[in-house]
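Below: the structure, in structure tokens.
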Amino acid sequence: MRERVVVKWGGGLITKKHEMKTVRTDVLDDLARQLEACLDEGVDVVLVHGAGSFGHLKAKAYRLAEGKVNDGNLPSEMTQEEAVADVRSDMLELNQHVMDALTKHDISAVSLSPHRWAKNTGKEFLGDLGVFDGAPTGIVVVTHGDVVECDPPMGFGILSGDDLVYRLATEVSGVKRLVFAMGGVEGVLSEPPTNENDEAKLITVLTRDHPFEGEHMTDMDVTGGIGLKVTRGFQVAEHGVSVHMVSGELDQRVKDACLGSTFRGTTLQP
1045 MRERVVVKWG GGLITKKHEM KTVRTDVLDD LARQLEACLD EGVDVVLVHG
1095 AGSFGHLKAK AYRLAEGKVN DGNLPSEMTQ EEAVADVRSD MLELNQHVMD
1145 ALTKHDISAV SLSPHRWAKN TGKEFLGDLG VFDGAPTGIV VVTHGDVVEC
1195 DPPMGFGILS GDDLVYRLAT EVSGVKRLVF AMGGVEGVLS EPPTNENDEA
1245 KLITVLTRDH PFEGEHMTDM DVTGGIGLKV TRGFQVAEHG VSVHMVSGEL
1295 DQRVKDACLG STFRGTTLQP
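Residues 1045 to 1314, numbered by the working numbering, are exactly what the sequence shown covers, in order.
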């Protein structure tokens, strides 16, 4: 059996986070090229991508992560239910940009949007992962963070891409590595990023008792930011899967991490 890796393209990497529904096409193209190189090296890929400015801004405004709420302070432009439909539509639009980037590099891929197959939120969400496990050699199965149906009283909620990667990395057969491709940083930092001496702040090996800082954009992020990534990453690492966090903007770092080659970034050590 060929090796598999699970790769997470962060929403803040592939979109301009503060510009509504704006894709970083150059970054997407480079990431797809690196993914193609992994396939050429005999490593199959399960791809998860975040929402960035296609999901978080509206989800934050309408408090979709909380489920149904009775609050007169919500924006009046639409109901929560209408916002759910809007965010799902926006995520499908972003997903199409991802699929187009893969197609440009002759990568065969199939997309599975969670609102069509998953229910409930958190890492114990319900959903059949069989399609991911049974994907033919060389076929990339793509999914993403999404607004999904939830049991009452919530009704709906946000299933984070970080919860998806936990289940995929621990339940899909043959997965050797989980790689988080991040925007704006080289990995997990010891201090908040300032663009000054950030290279010296990189934690190359992160253990559970090691303090760290991460850019958590609280004005828009609705799914836990770097803290959730690290938490889920350690939980994955406990299953014997190598977990790495790297820049998705520099050199060939995503490819190198996926292939198990030497790279600059953060490795989680459980």
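Ideal Cβ placement from N, Cα and C applies to all residues, glycine included.
Residue i versus residue j: straight-line alpha-carbon distance, rounded
{"i": "Gly1218", "j": "Tyr1210", "result": "14 Å"}
{"i": "Glu1063", "j": "Thr1069", "result": "14 Å"}
{"i": "Lys1052", "j": "Arg1221", "result": "11 Å"}
{"i": "Val1280", "j": "Val1287", "result": "7 Å"}
{"i": "His1184", "j": "Asp1088", "result": "The question names His, but residue 1184 is Val in the sequence shown. Spanning the two alpha carbons is a distance of roughly 7 Å."}
{"i": "Ala1179", "j": "Asp1300", "result": "23 Å"}
{"i": "Met1198", "j": "Val1274", "result": "26 Å"}
{"i": "Glu1243", "j": "Met1289", "result": "14 Å"}
{"i": "Met1261", "j": "Gly1277", "result": "Model confidence at Met1261 stands at a pLDDT of 49, short of 50, so the residue's coordinates are unreliable; what they give is reported in the following sentence. Between Met1261 and Gly1277, the C-alpha separation is close to 19 Å."}
{"i": "Asp1195", "j": "Val1175", "result": "24 Å"}
{"i": "Lys1060", "j": "His1141", "result": "14 Å"}
{"i": "Ala1109", "j": "Val1092", "result": "19 Å"}
Cutoff 7 Å; reference residue i; Cβ partners in own chain excluding five residues on either side
{"i": "Ala1105", "result": "Pro1119"}
{"i": "His1283", "result": "Thr1214"}
6 Å Cβ shell around residue i - same chain, five flanking residues per side excluded
{"i": "Leu1146", "result": "Ala1076, Ala1153"}
{"i": "Asp1263", "result": "Note that Asp1263 scores 46 on pLDDT, short of 50, meaning its location in the model is unreliable and no value can be drawn from it."}
{"i": "Lys1167", "result": "Asp1207, Tyr1210"}
Beta-carbon proximity of residue i to residue j, cut-off 7 Å
{"i": "Thr1238", "j": "Gly1201", "result": "no"}
{"i": "Ser1234", "j": "Val1186", "result": "no"}
{"i": "Val1131", "j": "Lys1163", "result": "no"}
{"i": "Gly1292", "j": "Val1298", "result": "yes"}
{"i": "Ile1058", "j": "Val1049", "result": "no"}
{"i": "Gly1094", "j": "Gly1227", "result": "no"}
{"i": "Leu1294", "j": "Leu1250", "result": "no"}
{"i": "Lys1148", "j": "Ala1127", "result": "no"}
{"i": "Leu1203", "j": "Phe1169", "result": "yes"}
{"i": "Leu1303", "j": "Glu1080", "result": "no"}
{"i": "Val1216", "j": "Asp1172", "result": "no"}
Alpha helix (DSSP H) segment containing residue i, residue limits
{"i": "Met1143", "result": "1124-1148"}
{"i": "Arg1211", "result": "1205-1215"}
{"i": "Phe1224", "result": "Unbroken run through Phe1224 is the beta strand (DSSP E), 1219-1226; no alpha helix (DSSP H)."}
{"i": "Val1274", "result": "1269-1281"}
Nearest neighbour of residue i, chosen from the options [CA to CA]
{"i": "Arg1046", "options": "Val1274, Gly1182, Met1289", "result": "Gly1182"}
{"i": "Glu1137", "options": "Thr1123, Glu1168, Gly1189, Leu1108", "result": "Gly1189"}
{"i": "Gly1099", "options": "Lys1065, Asp1177, Leu1173", "result": "Lys1065"}
Residues near residue i by beta carbon distance below 8 Å, same chain, minus five either side
{"i": "Ile1247", "result": "Gly1231, Val1232, Leu1233, Ser1234, His1254, Phe1256, Thr1310"}
{"i": "Asp1115", "result": "Arg1107"}
N-terminal and C-terminal residue of the beta strand (DSSP E) that residue i is part of
{"i": "Gln1193", "result": "First, the residue type needs correcting, since residue 1193 is Glu and not Gln in the sequence shown. Run containing Glu1193: 1190-1193, per the beta strand (DSSP E) assignment."}
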